[in-house]
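The structure appears right after this line, and notes come after that.
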Ligand code: AMP
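In our numbering, the protein residues as written are 63 to 347.
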């Protein structure tokens, strides 16, 4: 009998909700925890969940308290955690950016040479600045990094940015990106239950792949089939099925969701009709 897999999930913050909905979409059916519940089981999978802060997940996984967990790539990097990144999850995307106040003369990260920089990611900031040959003083702050320049604590900040609105609200301007991050599934190095972990990675990966694609269906006359297939941005071969109506075929293909917007007018121009797009639940290549 295989051992149950233990998994740490963010209990609060930005990564909590999308981590939870990924598990639900993957069909492992986790039991909804109450506000104060720290552990839960999955109803139809041999997985035990532990709810902890996203910041603590790298350590829990590294120390073998759990087999795997979901956290931000930035947190793994900042803690220099010795864990294995099993899967990029496509949410919690953000970048670690350097920013200065609007009036500052700096326009590039290199312009921070000799200056004082506030950040809650001191290790990552120091490492990347050193890699780029920039000597600067890095000051660690725990929160509200954006107000440091206004308080006179620092000349610049290095902070996580997703939309940039927090920077703008605080009168700051980005001068460059140091690191791109997103939520990741991480596993303990040398974990003993590789089979269960591989299954979890495959199942979660099938949902993430599926989210990025749409199933496209349309009809077209055979004489214009080549035109339609030429514009389809599919990696594999589309499926072509004869319809009862002579000379007309149905074309089915999997296409990137991001391409749908530009693709539909092209397909219409190629004579395609009855065009449908459907969401895909799972995709195992
Ligand atoms: P939390 O502090 O628990 O809300 O989670 C913070 C994590 O969410 C970070 O470590 C990043 O991986 C991710 N994240 C995504 N966008 C942002 C953002 N704009 N600011 C801070 N963290 C972000």
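Cβ coordinates follow ideal geometry from the N, Cα and C atoms, glycine included.
For clarity, every value in this text was computed on a predicted model and none was experimentally measured.
Residue i CB to nearest heavy atom of the ligand AMP below 7 Å
i: residue 143; result: no
i: residue 76; result: yes
i: residue 227; result: no
i: residue 84; result: no
i: residue 349; result: In the structure as shown, the chain starts at 63 and stops at 347, and residue 349 therefore has no counterpart that could be examined.
i: residue 72; result: yes
i: residue 218; result: no
i: residue 214; result: no
i: residue 136; result: yes
i: residue 258; result: no
i: residue 236; result: no
i: residue 116; result: yes
Residue nearest to residue i in terms of C-alpha spacing, selected from the options
i: residue 128; options: 294, 343, 251; result: 251
i: residue 80; options: 246, 178, 235; result: 246
i: residue 274; options: 132, 304, 151, 331; result: 151
i: residue 305; options: 297, 314, 298, 277; result: 314
Spatial distance of residue i from residue j (CA atoms)
i: residue 255; j: residue 148; result: 14 Å
i: residue 258; j: residue 337; result: 40 Å
i: residue 154; j: residue 186; result: 18 Å
i: residue 199; j: residue 175; result: 9 Å
i: residue 207; j: residue 321; result: 37 Å
i: residue 238; j: residue 171; result: 6 Å
i: residue 163; j: residue 181; result: 15 Å
i: residue 345; j: residue 271; result: 6 Å
i: residue 184; j: residue 326; result: 47 Å
i: residue 210; j: residue 141; result: 23 Å
i: residue 194; j: residue 235; result: 20 Å
Residues bridged to residue i (per DSSP)
i: residue 159; result: 221, 239
i: residue 139; result: Note: residue 139 sits in no beta bridge, so no partner.
i: residue 275; result: 318
i: residue 113; result: 71
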